[in-house]
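Enquirer: The structure under discussion is supplied below as structure tokens; questions concerning it will follow.
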Amino acid sequence: MLHEFAPLAFATMSSVFGEDSVHCACPPSSLHGLKTIPLSGMNQLFMPCDQVFILPGPIDISRLKKAISAWLTLVPHAAGRFSRGKDRSWAIKLSYPIPITVSSYSGTYTDEEVYDAFPPFLDPLPWTYEPPQDPENHPLTRFKITNILRSGETAVAIHMCHAVVDGISLFRVLNLLNDLYCGASVSDLVPVNYENYFSCSPPYLEPEGETYARVMAKMPILEKGYDSQVLLNKWLNSMEGTDRVDLFFTKEHMDLLLRRANVNSPTKGKRLTTASVLPAYLFTVLNRVYGRPKFNRFLSVLGIRGQSAPLGTSYKSPSTSSAGMAIVQTVSEPFNQEQLVNLSAMAKNLRDHTESCLEPKTLLDITSVYEQRQLELAKDGKFAYMLPEDGDGSLGINLMHRTNTRIHFGYGARQCRFFTWPPLKHYLRAFMANPIRHGDGRWEDRKDVIHVMFLVDKGVGNKVCDLVREELDAWALEDAENQYPHAKL
34 MLHEFAPLAF
44 ATMSSVFGED
54 SVHCACPPSS
64 LHGLKTIPLS
74 GMNQLFMPCD
84 QVFILPGPID
94 ISRLKKAISA
104 WLTLVPHAAG
114 RFSRGKDRSW
124 AIKLSYPIPI
134 TVSSYSGTYT
144 DEEVYDAFPP
154 FLDPLPWTYE
164 PPQDPENHPL
174 TRFKITNILR
184 SGETAVAIHM
194 CHAVVDGISL
204 FRVLNLLNDL
214 YCGASVSDLV
224 PVNYENYFSC
234 SPPYLEPEGE
244 TYARVMAKMP
254 ILEKGYDSQV
264 LLNKWLNSME
274 GTDRVDLFFT
284 KEHMDLLLRR
294 ANVNSPTKGK
304 RLTTASVLPA
314 YLFTVLNRVY
324 GRPKFNRFLS
334 VLGIRGQSAP
344 LGTSYKSPST
354 SSAGMAIVQT
364 VSEPFNQEQL
374 VNLSAMAKNL
384 RDHTESCLEP
394 KTLLDITSVY
404 EQRQLELAKD
414 GKFAYMLPED
424 GDGSLGINLM
434 HRTNTRIHFG
444 YGARQCRFFT
454 WPPLKHYLRA
464 FMANPIRHGD
474 GRWEDRKDVI
484 HVMFLVDKGV
494 GNKVCDLVRE
504 ELDAWALEDA
514 ENQYPHAKL
């Protein structure tokens, strides 16, 4: 086990990419005397959360180790291991050192390879949907630092478990690590809190009740769940016979879409925004490219941090600094057939679905059912993680393009490139686009560009890209003739 390693740095078997060394960062002995953190139902998701940051130059390993050790005083559960009780309940057991593997790579790479999970840069958690039989032997957080010899760059891979962070909290805790590496004091930073694990549970809803049935209709995957092997097979099967699609939307592109989505909106009324318009546009694109209305509803990821609770309840949603998973996944009702290729109608439908789910009483009911069912399923060794499936008519959406990030390890936020994976079939994921480094060394900042990635059926990818490009070109020309700002494509 890693906590028995001595000394804290040692050489591993030489690989074809050069000899690795593994260091350990030590956490505080415990979290204010706490030895274990029980997993709530919302945290019963064990998939890895993987990302790579490519820096334009070297990173100071000694400085990074010190920063990670300090970071673990702010995020101590990141240094935990899973344990399972006799009642089959899961908990995070504190405190263990976490591994930092340092390696070198003398070959070449492409951005496409990194987006598809590039093994030379990675040291992933050894599971996909369920921890192994010996969970206490496996860290929930792993780092790998790869010196890319040909380019002089450094790849910083960070692997964490979803029971420790979701997408939003991941960026928050990595922002803290970046700040510590860049010289911030621990005392100046706000640690994560554990409301998501220890706060009172949302009210119990009777499964025979009308409210329970109404809410369950928004989360159909919770009705049965899957064991980890079935879920893994479903995911692997969905990846076969697919094309990867990467689309980049500039501010000018979004202006084109927003104008068309809002064409019939009252001048002083509520306007449709990017959060609704961008996925709605791609919803219509996919329905047109597939040649039939393949999709008739949305599958949305909704964050519950900082959301209001209805009056009269003792339950409060986790605060914005809460650790762990704080999301729910909901499915809209099917939309009318005549709306499925109508941008304005679909953007309004998505906005209305999101707003109705975030209404305090509805969100409380959703959270209650989500919590109950995840715990019930976990006792049977099953998991409820929603992926769009062929034939169910849902298009998944997870937009993080406005998430606050400052992860650059001293190089400046717009000189550091971020990669995550895997792309998922019929599941839109959006992030801020990476900057571009030109041949003359000049960096092009693309912080206003949205990068959307997803998979489609084999042979459909180019059709999607062609339709989007041709349509935006035509709309840009049309708006230029109407004296709107021209969108440069």
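So our numbering is basically just the index in the sequence shown, starting at one, shifted up by 33.
Idealized CB from N, CA, C, for every residue including glycine.
Per DSSP, which one or two residues make a beta bridge with glutamine 84?
Expert: If you number the sequence shown from 1, residue 84 lands on position 51. Glutamine 84 is bridged to Ile191, Thr453.
Enquirer: Starting from aspartate 279 and walking both ways along the beta strand (DSSP E), at which residues does that stretch end?
Expert: Here residue 279 is taken as the residue at index 246 of the sequence shown, counted from 1. Aspartate 279: member of the beta strand (DSSP E) spanning 275-282, first to last residue.
Enquirer: For the structure I just gave you, are there three or more beta carbon pairs, one from the segment 103-121 and one from the segment 466-475, closer than 8 Å?
Expert: no
Enquirer: State the DSSP-derived secondary structure class of glutamine 340, mapped to helix, strand or coil.
Expert: Residue 340 sits at position 307 when you count from the first residue of the sequence shown. Taken through DSSP and simplified to helix, strand or coil, glutamine 340 comes out as coil.
Enquirer: In the structure shown, what three-state DSSP assignment does histidine 484 receive?
Expert: Against the sequence shown, residue 484 aligns to sequence position 451. Three-state result, histidine 484: strand.
Enquirer: Buried or exposed for alanine 39, please, with buried defined as at least 16 other CB atoms from any protein chain shown within 10 angstroms of its CB.
Expert: As a first step, residue 39 must be located in the sequence shown, where it is residue number 6. In this predicted model, alanine 39 has a pLDDT of only 29, less than 50, meaning its place in the structure is not dependable; the value taken from the coordinates is given anyway. The residue in question, alanine 39, is exposed, as its Cβ has fewer than 16 Cβ neighbours within 10 Å.
Enquirer: Between which residues of its own chain and threonine 347 is the CB-CB distance below 8 Å, once the five residues before and five after are set aside?
Expert: For this step, residue 347 is matched to residue 314 along the sequence shown. It is worth fixing the name first, because residue 347 is serine in this sequence and not threonine. Excluding residues up to 5 positions away in sequence, Cys233 lie with their Cβ nearer than 8 Å to the Cβ of serine 347 in the same chain.
Enquirer: Give the range of the alpha helix (DSSP H) segment to which proline 393 is assigned.
Expert: Here residue 393 refers to the residue found at position 360 of the sequence shown. 393-412 is the extent of the alpha helix (DSSP H) around proline 393.
Enquirer: What is the DSSP secondary structure of threonine 524, counted as helix, strand or coil?
Expert: For residue 524 there is no data in the structure shown, the boundaries of the chain being 34 and 522.
Enquirer: Applying the criterion that 16 or more other CB atoms from any shown protein chain within 10 Å of the CB defines a buried residue, is alanine 103 buried or exposed?
Expert: Here residue 103 is taken as the residue at index 70 of the sequence shown, counted from 1. The residue is buried, with at least 16 neighbouring Cβ atoms inside 10 Å.
Enquirer: Closest by CA to proline 130, which one among Leu289, Gln405, Pro172, Asn226?
Expert: Position 97 of the sequence shown holds residue 130. Closest by alpha carbon: Pro172.
Enquirer: In this structure, how does DSSP classify aspartate 506 when only helix, strand and coil are distinguished?
Expert: Position 473 of the sequence shown holds residue 506. Of the three classes helix, strand and coil, the one that applies to aspartate 506 here is helix, per DSSP.
Enquirer: Is the separation between the beta-carbon of serine 355 and that of asparagine 226 shorter than 7 Å?
Expert: For this step, residue 355 is matched to residue 322 along the sequence shown. For this step, residue 226 is matched to residue 193 along the sequence shown. Contact flag set, yes.
Enquirer: Helix, strand or coil for proline 312 per DSSP?
Expert: Taking the first residue of the sequence shown as 1, we reach residue 312 at position 279. Residue state for proline 312 is assigned as helix, using DSSP reduced to three classes.
Enquirer: Assign methionine 34 to one of two classes, buried (16 or more other C-beta atoms within 10 Å of its C-beta) or exposed (fewer than that).
Expert: If you number the sequence shown from 1, residue 34 lands on position 1. Model confidence at methionine 34 stands at a pLDDT of 29, short of 50, so the residue's coordinates are unreliable; what they give is reported in the following sentence. Its Cβ having fewer than 16 others within 10 Å, methionine 34 is exposed.
Enquirer: Quick one: using the 10 Å Cβ neighbour count with 16 as the cut-off for buried, is valine 85 buried or exposed?
Expert: Here residue 85 refers to the residue found at position 52 of the sequence shown. Buried, by the Cβ-count rule.
Enquirer: Decide yes or no for the touch test of the segment 394-407 against the segment 441-451: beta carbon pairs closer than 8 Å, at least 3 of them.
Expert: No, because fewer than three Cβ pairs between the segment 394-407 and the segment 441-451 fall closer than 8 Å, the two stretches do not touch.
Enquirer: On the DSSP bridge list, what partners appear for arginine 114?
Expert: Translated into positions along the sequence shown, residue 114 becomes position 81. Beta-bridge pairing links arginine 114 to Lys126.
Enquirer: My guess is that phenylalanine 79 and tyrosine 259 are in contact by the Cβ rule of under 8 Å, so how many angstroms apart are they, rounded?
Expert: Residue 79 sits at position 46 when you count from the first residue of the sequence shown. Residue 259 sits at position 226 when you count from the first residue of the sequence shown. About 13 Å; that fails the 8 Å criterion.
Enquirer: Looking only at C-alpha atoms, which of Lys458, Pro60, Cys59 sits nearest to aspartate 279?
Expert: For the purposes of this step, residue 279 is identified with residue 246 of the sequence shown, where counting begins at 1. If we check each option's Cα against that of aspartate 279, Lys458 comes out closest.
Enquirer: Is the segment 364-372 close to the segment 328-344, with three or more CB pairs under 8 Å?
Expert: yes
Enquirer: Determine contact between the segment 156-169 and the segment 319-327, defined as no fewer than three beta-carbon pairs at a distance below 8 Å.
Expert: no
Enquirer: Rounded to whole angstroms, what's the CA-CA distance from serine 122 to alanine 446? Just pull it up for me.
Expert: Position 89 of the sequence shown holds residue 122. Position 413 of the sequence shown holds residue 446. The alpha-carbon atoms of serine 122 and alanine 446 are separated by roughly 41 Å.
Enquirer: Do alanine 196 and leucine 155 have their C-beta atoms closer together than 7 Å?
Expert: In the sequence shown, the residue the question calls residue 196 occupies position 163. In the sequence shown, the residue the question calls residue 155 occupies position 122. Contact: no.
Enquirer: Give a yes or no on contact between the segment 491-504 and the segment 266-276, applying the rule of three or more CB pairs nearer than 8 Å.
Expert: By the Cβ test, the segment 491-504 is in contact with the segment 266-276, since at least three Cβ pairs between them sit closer than 8 Å.
Enquirer: Identify every run of the beta strand (DSSP E) within the segment 164-215, keeping only runs that are complete inside it and at least 3 residues long; order them along the chain.
Expert: Runs found: 174-181, 186-194.
Enquirer: Any heavy atom of the ligand NAD inside 6 Å of the beta-carbon of phenylalanine 416?
Expert: In the structure on display, the ligand NAD does not appear, and there are no ligands present to speak of.
Enquirer: Ordered along the chain, which non-local residues of its own chain (more than five positions away) have a Cβ less than 6 Å from that of lysine 394?
Expert: Translated into the one-based positions of the sequence shown, residue 394 becomes position 361. Here the set comprises Pro343.
Enquirer: Tell me, which residues are paired with glycine 357 by DSSP?
Expert: Residue mapping note: residue 357 aligns to position 324 of the sequence shown, counting from 1. BP columns for glycine 357 point to Val198.
Enquirer: Go ahead and label phenylalanine 151 buried or exposed: buried means 16 or more other beta carbons lie within 10 angstroms of its beta carbon, across all protein chains shown.
Expert: Here residue 151 refers to the residue found at position 118 when the sequence shown is read from its first residue. Buried, by the Cβ-count rule.
Enquirer: Under the rule that 16 or more other beta-carbon atoms within 10 Å means buried, what is arginine 247, buried or exposed?
Expert: Translated into the one-based positions of the sequence shown, residue 247 becomes position 214. Flag for arginine 247 reads exposed.
Enquirer: Going by alpha carbons, who is nearest to leucine 158 out of Asn170, Ser298, Thr69, Tyr148?
Expert: One-based indexing of the sequence shown puts residue 158 at position 125. The shortest Cα separation from leucine 158 among Asn170, Ser298, Thr69, Tyr148 belongs to Asn170.
Enquirer: Are there 16 or more other CB atoms within 10 angstroms of the CB of arginine 293, so buried, or fewer, so exposed?
Expert: Counted from its first residue, the sequence shown places residue 293 at position 260. The residue in question, arginine 293, is buried, as its Cβ has 16 or more Cβ neighbours within 10 Å.
Enquirer: Is the separation between the beta-carbon of serine 139 and that of asparagine 180 shorter than 7 Å?
Expert: Within the sequence shown, numbered from 1, the residue matching residue 139 stands at position 106. Within the sequence shown, numbered from 1, the residue matching residue 180 stands at position 147. In this structure, asparagine 180 does not lie closer than 7 Å to serine 139 by Cβ.
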